[in-house]
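J.: Each number in my numbering corresponds to the 1-based position in the sequence shown with 920 added.
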Amino acid sequence: MEATIDGRKGVSVNWEGSAISRPRLVVKPERITELIEIVKSQTKYPSPVRAVGFQHSITRCAVADGGTLVDMRHFNRILEFGQGHVRVQAGIRIYDLVKALDSRGLQLCACPEFGDISAGSVACTSNRYISSRGILGQLSSTVVAMKLVTPQGEKLDITAKQPDLLNVMRSSFGLMGIVYEVTFAVRDKIGFVVERQQMAIDDLSLALAEIDTAGTGIELTLYPFSNKAQLEIRHSVNLDKKTRQWALILRAWGWNCFVPFLAQVLKRVLPIARPRAELLDVLLFQAQKLFAKVADDHIGEMSAVCLPRCRLPDWGRCTYTTWAFPAEDFSLLIDKYVDFCHEFQREQKYRCDLPTKSVFVPKDSASLLSYAGEGDMYTLDVFSSGDKGWEDFLIELNEFCSANNGVPLLNQTKLLSQRQAAKGLGIKLRTFKRLRRNVDRNNRLSSTFFQPLVG
Ligand SMILES: Cc1cc2nc3c(=O)[nH]c(=O)nc-3n(C[C@H](O)[C@H](O)[C@H](O)COP(=O)(O)OP(=O)(O)OC[C@H]3O[C@@H](n4cnc5c(N)ncnc54)[C@H](O)[C@@H]3O)c2cc1C
921 MEATIDGRKG VSVNWEGSAI SRPRLVVKPE RITELIEIVK SQTKYPSPVR
971 AVGFQHSITR CAVADGGTLV DMRHFNRILE FGQGHVRVQA GIRIYDLVKA
1021 LDSRGLQLCA CPEFGDISAG SVACTSNRYI SSRGILGQLS STVVAMKLVT
1071 PQGEKLDITA KQPDLLNVMR SSFGLMGIVY EVTFAVRDKI GFVVERQQMA
1121 IDDLSLALAE IDTAGTGIEL TLYPFSNKAQ LEIRHSVNLD KKTRQWALIL
1171 RAWGWNCFVP FLAQVLKRVL PIARPRAELL DVLLFQAQKL FAKVADDHIG
1221 EMSAVCLPRC RLPDWGRCTY TTWAFPAEDF SLLIDKYVDF CHEFQREQKY
1271 RCDLPTKSVF VPKDSASLLS YAGEGDMYTL DVFSSGDKGW EDFLIELNEF
1321 CSANNGVPLL NQTKLLSQRQ AAKGLGIKLR TFKRLRRNVD RNNRLSSTFF
1371 QPLVG
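1) Would you say the beta carbon of THR953 comes nearer than 6 angstroms to a heavy atom of ligand 1?
2) Quick test of your reading: PRO1328 and TRP1243, contact by CB under 8 angstroms. State the CB separation rounded to the nearest angstrom.
3) Check whether the Cβ atoms of ARG1053 and GLY1111 lie closer than 7 angstroms to each other.
4) Looking only at C-alpha atoms, which of LYS1067, PHE1104, ASN1176 sits nearest to ILE956?
5) Quick one: what's LYS1262 bridged to in DSSP?
6) Would you list, in sequence order, the uninterrupted alpha helix (DSSP H) runs of no fewer than 4 residues that lie entirely inside the segment 1212 to 1246?
7) Counting C-beta neighbours from all protein chains within 10 Å, is the total for LEU1203 16 or more, i.e. buried, or is it exposed?
8) With H, G and I counted as helix, E and B as strand and the rest as coil, what does DSSP make of GLN1206?
9) Are at least three pairs of beta-carbons, each pair with one atom in the segment 967 to 986 and one in the segment 1361 to 1371, less than 8 angstroms apart?
10) Below 8 angstroms, how does it come out for the segment 1131 to 1145 and the segment 1181 to 1192: are there three or more Cβ pairs, yes or no?
11) Just grab the DSSP bridge partners of VAL1008 for me.
12) Roughly how many whole angstroms lie between the Cα atoms of THR1333 and THR979?
13) Go through its chain and collect everything with a Cβ distance to VAL1088's Cβ below 7 angstroms, but skip five positions before and after it.
14) State the Cα-Cα distance for the pair VAL990 and GLU936, rounded to the nearest angstrom.
15) Identify the continuous beta strand (DSSP E) that holds ARG970 and give its terminal residues.
16) Are GLY1035 and PRO1228 touching if we call contact CB-CB under 7 angstroms?
17) Quick one: using the 10 Å Cβ neighbour count with 16 as the cut-off for buried, is LYS1269 buried or exposed?
18) Under 6 angstroms from any heavy atom of ligand 1, does the C-beta of TRP1235 make it?
19) Just to check, is the beta-carbon of ILE1078 closer than 6 angstroms to a non-hydrogen atom of ligand 1?
20) Under 8 angstroms: do the segment 1307 to 1315 and the segment 1100 to 1115 share three or more Cβ pairs, one atom per stretch?
21) Under a three-way DSSP split, which group does ALA1030 fall into?
22) Return the CA-CA distance between LEU1168 and PHE1178, expressed in angstroms with no decimal places.
23) With a cut-off of 7 angstroms, does the C-beta of SER1052 fall near any C-beta of chain B?
24) How would you label GLN962, buried or exposed, when you count the other beta carbons within 10 angstroms and need 16 or more for buried?
25) Write down every uninterrupted run of the beta strand (DSSP E) in the segment 1256 to 1304 whose length is 3 residues or greater and which is fully enclosed by it, in chain order.
26) Just the Cα atoms here: how many angstroms apart are ASP1122 and ASP1259?
27) I want to check one thing, is the minimum distance from the CB of SER1002 to the heavy atoms of ligand 1 below 6 angstroms?
28) Where does GLN1332 fall in DSSP's three states?
29) Using the rule of at least 16 other Cβ atoms within 10 Å of the residue's Cβ for burial, across every protein chain shown, is ASN1176 buried or exposed?
30) Using only alpha-carbon positions, find the residue among GLU1221, GLU1263, ARG1271, CYS1321 that is nearest to ALA1172.
31) Determine the DSSP secondary structure at THR953, reduced to helix, strand or coil.
32) With three or more beta-carbon pairs closer than 8 angstroms as the criterion, would you say the segment 1292 to 1301 touches the segment 1156 to 1167?
33) Given the structure, does HIS994 come close to ligand 1, in the sense that its CB is under 6 angstroms from one of the ligand's heavy atoms?
34) Looking only at DSSP bridge pairs, what is MET1119 linked to?
35) Any chance the CB of GLU1033 is under 6 angstroms from a heavy atom of ligand 1?
36) Could you name the residues that DSSP lists as bridge partners for ASP1077?
Printed below as a string of structure tokens:
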């Protein structure tokens, strides 16, 4: 086990540089016995004890200030390809798992695009992916068993025969135990086709109303200042025809790597915010239009859209925040969001320089704190290069979302307050708080980030 005490090496930073963690100790265990010792020995390994994967979360959910940061990346093996499932160690990179399954004609039952994330983290946090027939919107909901070390340092196996425990663990954010093994449901590979339509935001409500959402994937790109939108409708299809992956890879790479990089380059060469944002709107919308012409109707394989690490320089990264809203009122919410963006620009002279995205996530109560537990939802994923004014915007945005029945994702909603978390998650959060307190009375695993939110 590698360990570093205090000093510079003990400082750890998340992907976008927004969450700096100053643990007293960083450890990289290789065996379960080591993990148990870390959790048990409070004198040797100070609290809080926080497990991390690839630290690609954009909130402070993985920080362990003054405590012990447990880097799980030595737990990186696939343990079993079973009948309808795969059992893996918690530190394995999802990209590696997706490729290993692909070579056996299998795939996960959700479709992550950014693969530089660990199995342990996605198993116990809120996530959002484009769903379609046979494919869920949350990867955590496809977890059918887990093994963990409890806050008391005991081993605990949770299987499908304990659905209530699994339900709590799937949104436990490392607060109920450190996960060292995860079993995901898997399925035979399927493909998908995407139809893309560009339109005015004003026409979106009619277009959304016409979609039969059962088994259909939906992704939106919204340009609130140009009254433009792109609607992507995704259908699952059998893989009995020729597939063409290049367009899907290009799209996933474009949104996750190239667009953030372009936004940061433009920030340097065109420092005046408004014309820069207007230029980005034009460039990105035209690129989407062109892409739709050449790539529509291609059949793609889901595993092709899962990308490894983005190799562009660190400064070429962007940031985002996410809320979720009931699907039945989402068209109305978009109108209000557009008004909110305009008003904020008028009053505070700030607007986000990147478009806003949204995915449809069907009702999913597989985890206690699921944002889609009560019904179908759309996420509102607000992107920015993180330029001056972004944090003030986030504070107002959170007020707007909370006032409009938004549900936060504890690991993906930035600058969330206790009041907003309580309003959005309601009784589910109170239940989680009570359970957490019972399971971890000494706050062995709870951090300064989580304590105000979940007690
Ligand atoms: C470019 C980019 C694109 C993204 N796209 C999407 C997207 O499309 N959809 C989406 O939902 N998210 C997306 N994300 C967010 C990211 O996928 C999630 O935040 C993911 O959980 C991060 O994985 P990680 O391994 O880096 O976790 P970390 O940031 O290391 O940890 C996340 C949380 O899980 C806990 N944890 C980690 N490992 C364990 C363990 N073994 N046991 C218990 N708790 C553990 C941590 O304590 C922390 O609270 C994106 C992020 C980036 C940077």
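We treat Cβ as the ideally placed atom computed from N, Cα and C, and that holds for glycine.
None of these values were measured; they are calculated from a predicted model.
T.: Quick answer:
1) Indexing the sequence shown from 1 puts residue 953 at position 33. It does not: the Cβ of THR953 is nowhere closer than 6 angstroms to a heavy atom of ligand 1.
2) Taking the sequence shown and counting its residues from 1, the one referred to as residue 1328 is at position 408. Taking the sequence shown and counting its residues from 1, the one referred to as residue 1243 is at position 323. Confirmed, Cβ separation roughly 6 angstroms.
3) The residue labelled residue 1053 in the question sits at position 133 within the sequence shown. The residue labelled residue 1111 in the question sits at position 191 within the sequence shown. Contact: no.
4) On the sequence shown, position 36 is the one that residue 956 refers to. Cα-wise, what sits closest to ILE956 is LYS1067.
5) Taking the first residue of the sequence shown as position 1, residue 1262 is located at position 342. One point to set straight first is that residue 1262 is His, not Lys, in the sequence displayed. HIS1262 pairs with nothing; no bridge assigned.
6) none
7) In the sequence shown, counting from the first residue as 1, residue 1203 sits at position 283. That one is exposed.
8) In the sequence shown, residue 1206 corresponds to position 286, counting from 1. Of the three classes helix, strand and coil, the one that applies to GLN1206 here is helix, per DSSP.
9) yes
10) no
11) Translated into the one-based positions of the sequence shown, residue 1008 becomes position 88. Partner(s): ILE998, VAL1102.
12) If you number the sequence shown from 1, residue 1333 lands on position 413. If you number the sequence shown from 1, residue 979 lands on position 59. Each residue's Cα considered, the two are about 7 angstroms apart.
13) Locating residue 1088 in the sequence shown gives position 168, where the first residue counts as 1. MET1096, LEU1288, LEU1355.
14) Position 70 of the sequence shown, counting from 1, holds the residue named residue 990. Position 16 of the sequence shown, counting from 1, holds the residue named residue 936. Distance between the alpha carbons of VAL990 and GLU936 is about 20 angstroms.
15) For the purposes of this step, residue 970 is identified with residue 50 of the sequence shown, where counting begins at 1. Looking at the DSSP string, the run of the beta strand (DSSP E) that includes ARG970 is 969 to 972.
16) For the purposes of this step, residue 1035 is identified with residue 115 of the sequence shown, where counting begins at 1. For the purposes of this step, residue 1228 is identified with residue 308 of the sequence shown, where counting begins at 1. Contact: yes.
17) For the purposes of this step, residue 1269 is taken as residue 349 along the sequence shown, with counting starting at 1. Flag for LYS1269 reads exposed.
18) Residue numbering aside, residue 1235 sits at position 315 when the sequence shown is read from its first letter. Not so, every heavy atom of ligand 1 lies at least 6 angstroms from the Cβ.
19) The count along the sequence shown starts at 1 and reaches residue 1078 at position 158. Incorrect: ILE1078 has no Cβ contact closer than 6 angstroms to ligand 1.
20) no
21) On the sequence shown, residue 1030 is found 110 positions in, with the first residue counted as 1. Correct three-state label for ALA1030: strand.
22) The sequence position of residue 1168 within the sequence shown is 248, counting from 1. The sequence position of residue 1178 within the sequence shown is 258, counting from 1. When rounded, the distance between both Cα atoms is 14 angstroms.
23) Absent here is chain B; the protein component of the structure consists of one chain.
24) The sequence position of residue 962 within the sequence shown is 42, counting from 1. Flag for GLN962 reads exposed.
25) 1276 to 1281, 1297 to 1304
26) Counting from 1 along the sequence shown, the entry for residue 1122 is found at position 202. Counting from 1 along the sequence shown, the entry for residue 1259 is found at position 339. So the two alpha carbons sit approximately 12 angstroms from each other.
27) Along the sequence shown, read from residue 1 onward, the residue named residue 1002 stands at position 82. According to the sequence provided, residue 1002 is Gly. The question's Ser does not apply to it. No, Cβ of GLY1002 sits at least 6 angstroms from all heavy atoms of ligand 1.
28) Along the sequence shown, read from residue 1 onward, the residue named residue 1332 stands at position 412. Reduced to three states, the DSSP call for GLN1332 is coil.
29) The residue labelled residue 1176 in the question sits at position 256 within the sequence shown. So ASN1176 ends up on the buried side.
30) Position 252 of the sequence shown, counted from the start, is the residue given in the question as residue 1172. Answer by Cα proximity: GLU1221.
31) Translated into the one-based positions of the sequence shown, residue 953 becomes position 33. THR953: helix per DSSP, three-state reduction.
32) no
33) Against the sequence shown, residue 994 aligns to sequence position 74. No; taking the cut-off as 6 angstroms, the Cβ of HIS994 has no heavy atom of ligand 1 nearer than that.
34) Taking the first residue of the sequence shown as position 1, residue 1119 is located at position 199. According to DSSP, MET1119 bridges with ALA1149.
35) Here residue 1033 corresponds to residue number 113 of the sequence shown, with the count starting at 1. GLU1033 Cβ: within cutoff of ligand 1.
36) For the purposes of this step, residue 1077 is taken as residue 157 along the sequence shown, with counting starting at 1. Looking at the DSSP assignment, ASP1077 forms a beta bridge with LYS1067.
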